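Using this note's numbering, the letters of the sequence shown map in sequence onto residues 14 to 311.
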Amino acid sequence: MRILVFGAGSLGTLVGGLLASVHDVTLVARDPHAARVSAAGLDIVGAESAHVSPAATTTETGHSADLALVTVKSFDTAAAADALADCDVGAVLSLQNGLTEETLASRLDAPVLAGTATYGARLVEPGRVECTGVGRIVLGALDGGPDPLAERVGKAFRDAGLNALVATDMPRRRWEKLAVNAGINAVTALSRVENGALRSGDANDLAHRAARETARVARLERVSLPNRVAREAVDRVVEKTAANRSSMLQDVAAEKRTEVDAINGAVVDIAADHGFEVPTNRTLAALLRAWERGAGIR
Ligand SMILES: NC(=O)C1=CN([C@@H]2O[C@H](COP(=O)(O)OP(=O)(O)OC[C@H]3O[C@@H](n4cnc5c(N)ncnc54)[C@H](O)[C@@H]3O)[C@@H](O)[C@H]2O)C=CC1
Ligand SMILES: CC(C)(CO)C(=O)C(=O)O
């Protein structure tokens with residue numbers, strides 16, 4: 014399969030690099046990473062290890078591929094979609110956090126698949142990516158149901174040794190992941206704690222409230238996600254990732270823009286479309302945006 018990875022930073026480089034053992038992969042990245050991969054190949058280290066040689070370029074448009082993986086941060090999704098609109102791609106799959114597929118689908122002709130990724134990835138230096146945890150990629154039709162295209166993509170991922178599952182209930186899975194991110198990311202980022210600090214007490218209560226509101230908005234969107242399931246998902250992920258610093262905490266620590274708009278912000282916006290108020294998500298989003306403005310990155 015000819016696969017274009019749009020936005021090869023940490024996750025895109027890891028997944029694209031693993032896919033390159035079997036498929037024809039092109040990483041769209043920024044220099045010096047793109048130049049280094051072109052010149053000397055890519056080292057994958059950590060929980061996965063390989064040396065592979067995908068193509069790498071900073072050119073964003075004019076590509077032709079069977080599949081485009083979108084792995085930019087959520088706030089770069091619209092720009093990525095506009096660049097992909099000037100490519101010839103058979104399908105698009107987002108592995109991003111937050112609700113980004115709608116942005117892609119509204120700007121692109123190609124079918125857009127939904128995806129979630131729990132692999133851990135860190136770009137250590139140009140040309141070198143660390144797999145910090147072997148997770149799973151789940152993908153499927155954006156509106157749910159069986160999908161032959163998703164099956165082909167899932168097989169292509171498994172052929173390259175990736176742990177990939179094709180699911181027929183992506184709407185529920187996306188909203189459950191959103192509830193987990195809405196509950197964990199903002200709370201850990203604002204209080205500067207590891208995920209495990211959300212096991213109990215006020216922080217656990219706050220994470221549950223954000224997740225419960227997200228589940229309620231999911232149901233307004235006709236996605237069946239009971240409050241209990243969302244709360245339990247938060248607790249399960251907190252337990253499993255207790256020693257992790259959430260991606261949003263890492264962004265705040267590095268004084269980088271966060272994905273709050275596509276997580277708590279998306280919950281607020283979609284709730285508002287239904288005339289519904291989500292005070293916990295609104296407060297978390299407002300605090301993070303205030304921090305971003307104060308840090309001069311918004
Ligand atoms: N890193 C991880 O372990 C995981 C990340 N995710 C999600 O995956 C998405 C990506 O995360 P990361 O890889 O960590 O972020 P990242 O910031 O390391 O990678 C994004 C890359 O896209 C590049 N980019 C943006 N616009 C571009 C353009 N127009 N042309 C070329 N390159 C462009 C940036 O330079 C950056 O290197 C996020 O939504 C994140 O939440 C999900 C699961 C795990
Ligand atoms: C699941 C969780 C919360 C793990 O840290 C995550 O997705 C993130 O940090 O963005």
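Just so you know, even glycine gets a beta-carbon here, dropped at the ideal spot from N, CA and C. Given the structure is predicted, the values throughout are model-derived calculations rather than measurements.
Handout entry: Residue from N257, V200 and A267 with nearest C-alpha to L300
Key = Position 287 of the sequence shown, counted from the start, is the residue given in the question as residue 300. Checked all of N257, V200 and A267; the closest Cα to L300 is V200.
Problem - Buried/exposed call for T227, threshold 16 Cβ in 10 Å - result: As a first step, residue 227 must be located in the sequence shown, where it is residue number 214. That one is buried.
Problem - Backbone secondary structure at I197 - three-state DSSP - result: Your numbering for residue 197 matches position 184 in the sequence shown. Of the three classes helix, strand and coil, the one that applies to I197 here is helix, per DSSP.
Exercise for the section: With S260 as the anchor, note down where its beta strand (DSSP E) starts and where it stops. Expected result: As a working note, residue 260 is residue 247 in the sequence shown. Taken as a continuous stretch (DSSP letters only), S260 belongs to no beta strand (DSSP E), being part of the alpha helix (DSSP H) at S260 to A266.
Exercise for the section: Give the secondary structure of V137 by DSSP, where H, G and I count as helix, E and B as strand, and everything else as coil. Expected result: In the sequence shown, the residue the question calls residue 137 occupies position 124. V137 falls in the strand class under three-state DSSP.
Problem - Where L108 falls: helix, strand or coil (DSSP) - result: As a first step, residue 108 must be located in the sequence shown, where it is residue number 95. Coil.
Exercise for the section: Mind checking who D101 pairs with in its DSSP beta bridge? Expected result: Within the sequence shown, numbered from 1, the residue matching residue 101 stands at position 88. S77, per the DSSP bridge assignment.
Problem - Near ligand 1: D89 beta-carbon under 6 Å from a heavy atom - result: The sequence position of residue 89 within the sequence shown is 76, counting from 1. True, at least one ligand heavy atom lies under 6 Å from that Cβ.
Practice task
Whole angstroms is fine: what's the gap from T271's alpha carbon to G278's?
Solution key: Within the sequence shown, numbered from 1, the residue matching residue 271 stands at position 258. Within the sequence shown, numbered from 1, the residue matching residue 278 stands at position 265. Spanning the two alpha carbons is a distance of roughly 11 Å.
Practice task
Please work out which residues of its chain come closer than 8 Å, Cβ to Cβ, to A210, disregarding the five sequence neighbours upstream and downstream, and give them in chain order.
Solution key: Mapped onto the sequence shown, residue 210 falls at position 197. T201, S204 and A216.
Problem - CB-CB length for L162 against L126, believed under 8 Å - result: Start at 1 with the first residue of the sequence shown, and residue 162 comes out as number 149. Start at 1 with the first residue of the sequence shown, and residue 126 comes out as number 113. Correct: roughly 7 Å between the Cβ atoms.
Exercise for the section: Measure the Cβ-Cβ separation of K194 and I283 and say whether it is below 7 Å. Expected result: Here the question's residue 194 lines up with position 181 in the sequence shown. Here the question's residue 283 lines up with position 270 in the sequence shown. Residue identity check: residue 194 is Asn in the sequence provided, not Lys. Contact flag unset, no.
Problem - Where H221 sits in the DSSP three-state scheme - result: Position 208 of the sequence shown holds residue 221. Helix, per DSSP.
Problem - Closest residue to P139 among D79, A48, R249 and L106 (Cα-Cα distance) - result: Along the sequence shown, one-based indexing puts residue 139 at 126. When each option's Cα is compared against that of P139, the closest is A48.
Handout entry: Reduced DSSP category for V85 - H, G, I as helix; E, B as strand; rest coil
Key = Taking the sequence shown and counting its residues from 1, one reaches residue 85 at position 72. Three-state result, V85: coil.
Exercise for the section: Using 10 angstroms around the beta-carbon of R149, count the other beta-carbons present and answer buried if the total reaches 16, otherwise exposed. Expected result: As a working mapping, residue 149 is identified with position 136 in the sequence shown. It is exposed - the Cβ of R149 has fewer than 16 other Cβ atoms within 10 Å.
Practice task
Report buried or exposed for H76, applying the criterion of at least 16 other Cβ atoms within 10 angstroms of its Cβ.
Solution key: As a working note, residue 76 is residue 63 in the sequence shown. With 16 or more other Cβ atoms within 10 Å, it is buried.
Handout entry: Endpoints, the alpha helix (DSSP H) within which L300 is located
Key = Here residue 300 is taken as the residue at index 287 of the sequence shown, counted from 1. Segment P292 to G307, the alpha helix (DSSP H) holding L300.
Problem - Segments assigned alpha helix (DSSP H), at least 4 residues, entirely inside the stretch 227–291 - result: 240–253, 260–266 and 277–286
Exercise for the section: Classify R241 as buried or exposed, calling it buried when 16 or more other Cβ atoms lie within 10 Å of its own Cβ. Expected result: By 1-based counting over the sequence shown, the position of residue 241 is 228. Answer is exposed; the Cβ neighbour count stays below 16.
Problem - Touching by the beta-carbon criterion (3+ pairs, under 8 Å), the stretch 90–99 and the stretch 163–182 - result: no
Exercise for the section: Please classify D95: does DSSP put it in a helix, a strand, or coil? Expected result: Numbered from 1 along the sequence shown, position 82 holds the residue referred to as residue 95. Three-state DSSP puts D95 in a helix.
Exercise for the section: Classify K190 as buried or exposed, calling it buried when 16 or more other Cβ atoms lie within 10 Å of its own Cβ. Expected result: For the purposes of this step, residue 190 is taken as residue 177 along the sequence shown, with counting starting at 1. Buried, by the Cβ-count rule.
Practice task
Go ahead and label V250 buried or exposed: buried means 16 or more other beta carbons lie within 10 angstroms of its beta carbon, across all protein chains shown.
Solution key: Working through the sequence shown from its first residue, we reach residue 250 at position 237. Classification for V250: buried.
Handout entry: Where T129 falls: helix, strand or coil (DSSP)
Key = The residue given as residue 129 occupies position 116 in the sequence shown. The answer is strand: DSSP assigns T129 an E or B state.
Handout entry: Residue range of the alpha helix (DSSP H) that includes V65
Key = For the purposes of this step, residue 65 is identified with residue 52 of the sequence shown, where counting begins at 1. Not the alpha helix (DSSP H): V65 falls in the beta strand (DSSP E), residues A63 to V65.
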